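If you read the sequences in order, they're chains Y and R. Numbered by the numbering used here, the letters in the first sequence go through residues 1 to 282 in order. Numbered by the numbering used here, the letters in the second sequence go through residues 283 to 538 in order.
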Amino acid sequence: MTELTEGAPAAGTFTTARRSPLRELIQYRQLVAMLVIRELKVRYKRSIFGLLWTMLNPLLLMVVYTIVFSTIMRAPQRNFAIFLLSGLLPWLFFSIAVLQGLHSILVNQELIRKVRLPQAVFPLSVVGSNLVNFALSFVPLLLLMAVVRQPFTAALLFLPLAMLILTIFISGVTLLFATFTVFFRDVRHLAEVGLQMLMYLSPVVYDLQMLGQHDTWWFRAFRVFLQMNPLTYMVGLVRDPVYYGRVPPLIGVAVACGAALGALFIGFSVFNRLAPRHIHYL
Amino acid sequence: MRNGEIRIRDAGVCYRLYREKVSTLKEAVVNRFRHLRSAEMFWAVRHVSLEIEPGEAIALVGHNGSGKSTLLKTIAGVLMPDEGEVLVQGRISPMIELGAGFDPELSGRDNIFLNGALLGFSRRQMEGKFDRIVAFSELGDFIDMPIKNYSSGMYARLGFAIAQDVEPDILIVDEVLAVGDERFQEKCKARIRDFRAAGITFCFVSHNYEAARELCPRAAVLHHGRLAFDGPIVQAWERYRELERGPAPGPQIEAS
Numbered sequence: 001m002t003e004l005t006e007g008a009p010a011a012g013t014f015t016t017a018r019r020s021p022l023r024e025l026i027q028y029r030q031l032v033a034m035l036v037i038r039e040l041k042v043r044y045k046r047s048i049f050g051l052l053w054t055m056l057n058p059l060l061l062m063v064v065y066t067i068v069f070s071t072i073m074r075a076p077q078r079n080f081a082i083f084l085l086s087g088l089l090p091w092l093f094f095s096i097a098v099l100q101g102l103h104s105i106l107v108n109q110e111l112i113r114k115v116r117l118p119q120a121v122f123p124l125s126v127v128g129s130n131l132v133n134f135a136l137s138f139v140p141l142l143l144l145m146a147v148v149r150q151p152f153t154a155a156l157l158f159l160p161l162a163m164l165i166l167t168i169f170i171s172g173v174t175l176l177f178a179t180f181t182v183f184f185r186d187v188r189h190l191a192e193v194g195l196q197m198l199m200y201l202s203p204v205v206y207d208l209q210m211l212g213q214h215d216t217w218w219f220r221a222f223r224v225f226l227q228m229n230p231l232t233y234m235v236g237l238v239r240d241p242v243y244y245g246r247v248p249p250l251i252g253v254a255v256a257c258g259a260a261l262g263a264l265f266i267g268f269s270v271f272n273r274l275a276p277r278h279i280h281y282l
Numbered sequence: 283m284r285n286g287e288i289r290i291r292d293a294g295v296c297y298r299l300y301r302e303k304v305s306t307l308k309e310a311v312v313n314r315f316r317h318l319r320s321a322e323m324f325w326a327v328r329h330v331s332l333e334i335e336p337g338e339a340i341a342l343v344g345h346n347g348s349g350k351s352t353l354l355k356t357i358a359g360v361l362m363p364d365e366g367e368v369l370v371q372g373r374i375s376p377m378i379e380l381g382a383g384f385d386p387e388l389s390g391r392d393n394i395f396l397n398g399a400l401l402g403f404s405r406r407q408m409e410g411k412f413d414r415i416v417a418f419s420e421l422g423d424f425i426d427m428p429i430k431n432y433s434s435g436m437y438a439r440l441g442f443a444i445a446q447d448v449e450p451d452i453l454i455v456d457e458v459l460a461v462g463d464e465r466f467q468e469k470c471k472a473r474i475r476d477f478r479a480a481g482i483t484f485c486f487v488s489h490n491y492e493a494a495r496e497l498c499p500r501a502a503v504l505h506h507g508r509l510a511f512d513g514p515i516v517q518a519w520e521r522y523r524e525l526e527r528g529p530a531p532g533p534q535i536e537a538s
């Protein structure tokens with residue numbers, strides 16, 4: 001396979017000779033946007049509140065958590081609901097995107113059998129629609145912060161960067177899981193259970209500072225695990241500005257960026273290596 | 283390579299058949315060697331070589347399971363050849379299945395843009411084609427209705443209307459002329475003749491001799507994944523008939 005199209009290809013033009021998957025994906029970037037819009041359109045069709053549900057959902061979740069933790073359970077921390085939500089929102093972005101994304105190749109198999117296109121558009125569009133949900137859920141979060149008098153600081157301006165890093169990280173993980181699921185359908189079930197466990201093994205509903213000190217070997221091992229867990233840093237990207245009112249420490253941001261780029265690189269290259277074989281397993 | 287050229291050299295496409303198609307993790311771990319080594323190999327297409335010049339019209343002929351669709355999918359770029367090479371230059375209009383990729387919940391309008399994006403067109407490019415597509419499809423006001431409410435004829439009309447407007451260099455048609463009413467079929471054939479006159483490469487799969495002879499002077503006959511004949515359509519059809527009459531052995535599966 002040596003022939004390649006010369007220069008920038010016009011839309012829809014291709015050779016069956018292999019082209020760089022990245023270039024092909026860039027050519028189809030509008031398709032990703034359209035699949036995201038389709039997903040949102042179809043999801044909220046015939047519902048009275050429409051896209052508003054994207055914001056209502058986390059709001060209702062927040063109300064429940066606020067009531068449970070501030071009145072019933074008497075949480076140790078001030079504004080525990082904000083603390084909790086600043087961890088839950090990035091976690092939900094991660095876990096829902098991965099769980100939906102791992103089905104994306106199977107769900108679109110009819111299309112993959114018939115039309116030549118870069119298959120990565122499907123998992124990536126799942127990440128995209130969840131990014132929209134994630135971004136919109138900050139509207140009720142900020143409202144709630146105003147209601148419970150959580151101070152707004154300039155650190156909140158860090159949030160767009162946090163979203164970018166999270167999206168890169170989640171894209172990589174989702175691509176990886178999407179391709180594995182084609183070959184081993186068990187991945188779906190493993191991921192469901194694994195994500196449940198991972199939520200408690202990541203500082204989502206708690207924080208490193210809340211753990212205190214115990215002088216046992218398993219506790220030390222747990223702390224080391226938390227420090228190696230990229231999700232610790234991902235959650236920090238959102239929780240630090242929202243709850244602690246500070247920009248995350250530079251080292252934390254650096255680790256998060258490294259994990260995000262590493263995940264995307266591994267996810268994208270493994271996905272593209274295995275994608276031509278998907279059709280035999282669908 | 284020139285636009286519209288198709289060059290197939292000793293191409294082979296192999297399906298690996300496992301006892302159970304969906305392998306589980308446990309199976310993969312326990313039967314690791316079986317999983318990797320002794321899968322049964324089924325060559326749907328093998329040792330096929332074809333040179334199709336720009337502007338040529340060729341009919342692909344063969345009984346069911348002869349490998350026509352597999353070969354077509356390789357040309358369309360959906361399948362990668364496991365052996366040899368398939369080189370295609372130019373934009374392909376894949377009429378392998380009309381309306382592949384339609385979302386039933388969306389309106390005809392949204393589906394035109396979605397389908398355009400699936401073929402690699404931008405929104406702006408599709409806006410330029412939109413009116414022509416709607417006109418060709420003769421759907422009128424139905425274009426803003428969710429297409430799950432369309433009849434199968436309307437569905438196929440919209441599919442053909444999109445596929446005929448993508449300015450292809452290569453047109454691949456797989457038995458889709460059996461859709462719509464007679465008048466719409468005639469319209470589709472007329473459109474294909476336009477394409478032919480404009481010098482577009484044309485690959486046609488059909489079991490209908492009249493339709494194939496009308497559109498293609500050349501034909502390739504596939505038999506059990508091998509190229510049995512390549513030449514003028516009249517002789518090709520004789521060979522096809524001959525092969526059809528002969529005893530049809532089951533597909534050959536070779537273990538490796």
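Here a beta-carbon is modelled for each residue, glycine too, at the ideal position from N, C-alpha and C. It should be emphasised that the depicted structure is a prediction, and the values quoted were computed from it without experimental measurement.
| Query | Result |
| --- | --- |
| Proximal residues to phenylalanine 180 (chain Y) (C-beta, below 7 Å), its chain only, five neighbours per side dropped | Val187 |
| Coil, strand or helix - phenylalanine 395 (chain R) by DSSP | helix |
| is_contact[isoleucine 279 (chain Y), chain R] using C-beta, thresh 8 Å | yes |
| Close-in-space but distant-in-sequence residues of the same chain around leucine 353 (chain R) (CB under 6 Å, 5 per side omitted) | Val327 |
| Residues bridged to cysteine 485 (chain R) [DSSP beta-bridge criterion] | R:Ile340, R:Ile454 |
| Among Y:Leu56, Y:Ala275, Y:Leu141, Y:Leu117, the one whose alpha carbon lies nearest that of valine 90 (chain Y) | Here residue 90 (chain Y) turns out to be proline, not valine, going by the sequence shown. That would be Y:Leu141, whose Cα lies nearest to the Cα of proline 90 (chain Y). |
| Residue span of the beta strand (DSSP E) that contains leucine 34 (chain Y), given as start and end | As written in the sequence, residue 34 (chain Y) is methionine, which differs from the leucine given in the question. Methionine 34 (chain Y) -> not in any beta strand (DSSP E); alpha helix (DSSP H) instead, spanning 29-43. |
| Residue burial classification, tryptophan 325 (chain R) (beta-carbon count within 10 angstroms, cutoff 16) | buried |
| DSSP-derived helix/strand/coil call for tyrosine 233 (chain Y) | helix |
| Start-to-end residues for the beta strand (DSSP E) that takes in glutamate 322 (chain R) | 322-334 |
| Proximity of glycine 398 (chain R) and isoleucine 452 (chain R) at Cβ, strictly below 8 Å | no |
| Assigned secondary structure, valine 370 (chain R) (DSSP; H/G/I helix, E/B strand, else coil) | strand |
| Sequence ranges, alpha helix (DSSP H) only - wholly within the segment 165-210 of chain Y, length at least 4 | 186-200 |
| Pairwise C-alpha distance: alanine 501 (chain R) and proline 363 (chain R) | 22 Å |
| Proximity to leucine 159 (chain Y) [Cα-Cα], best of Y:Gly101, Y:Ala135, Y:Met228, Y:Asp207 | Y:Ala135 |
| Residue from R:Ala341, R:Cys296, R:Ile290 with nearest C-alpha to proline 514 (chain R) | R:Ala341 |
| Cβ shell of aspartate 426 (chain R) (< 8 Å), same chain only, five flanking positions each side left out | Ser389, Gly390, Arg391 |
| Interface flag, glutamate 192 (chain Y) vs chain R, CB-CB below 8 Å | no |
| Reference phenylalanine 169 (chain Y); option with closest CA among Y:Thr216, Y:Ser95, Y:Ala146, Y:Val204 | Y:Ser95 |
| Chain R contacts from the segment 86-116 of chain Y (Cβ-Cβ distance under 8 Å) | Glu110, Leu111, Ile112, Arg113, Lys114, Val115, Arg116 |
| Sequence-distant residues of the same chain with beta carbon closer than 7 Å to glycine 349 (chain R), five excluded per side | Ala326, Val327, Leu504, Gly507 |
| Cβ-based neighbour list, glutamine 77 (chain Y), same chain, cut-off 6 Å, excluding 5 preceding and 5 following | Phe83 |
| Distance CB(phenylalanine 268 (chain Y))-CB(glycine 172 (chain Y)) smaller than 8 Å | yes |
| Bridge-paired residues (DSSP) for histidine 540 (chain R) | Coverage of chain R is limited to positions 283 through 538, which leaves residue 540 (chain R) absent and any answer about it impossible. |
| Option in R:Ile357, R:Leu440, R:Leu509 with minimal Cα separation from alanine 417 (chain R) | R:Leu440 |
| Alpha-carbon spacing of alanine 33 (chain Y) relative to leucine 361 (chain R), whole angstroms | 26 Å |
| Cβ contact (3+ pairs, closer than 8 Å) linking the segment 51-63 of chain Y and the segment 190-204 of chain Y | no |
| Cβ of valine 360 (chain R) within 8 Å of any chain Y Cβ | yes |
| Contact belief for alanine 382 (chain R) with lysine 114 (chain Y) at Cβ below 8 Å, rounded distance in angstroms | 4 Å |
| Per-residue contacts from glutamine 27 (chain Y) into chain R (C-beta, under 7 Å) | Gly402 |
| Leucine 31 (chain Y): contacting residues in chain R (beta-carbon distance under 7 Å) | Ala399, Leu400 |
| Touching by the beta-carbon criterion (3+ pairs, under 8 Å), the segment 247-267 of chain Y and the segment 229-237 of chain Y | yes |
| Valine 204 (chain Y) and valine 235 (chain Y) closer than 8 Å at C-beta | yes |
| Identity of the residues DSSP links to glycine 513 (chain R) by a beta bridge | R:Ala501 |
| Residue environment, leucine 131 (chain Y), which counts as buried when at least 16 other CB atoms sit within 10 Å | buried |
| Per-residue contacts from proline 276 (chain Y) into chain R (C-beta, under 9 Å) | Leu361, Met362 |
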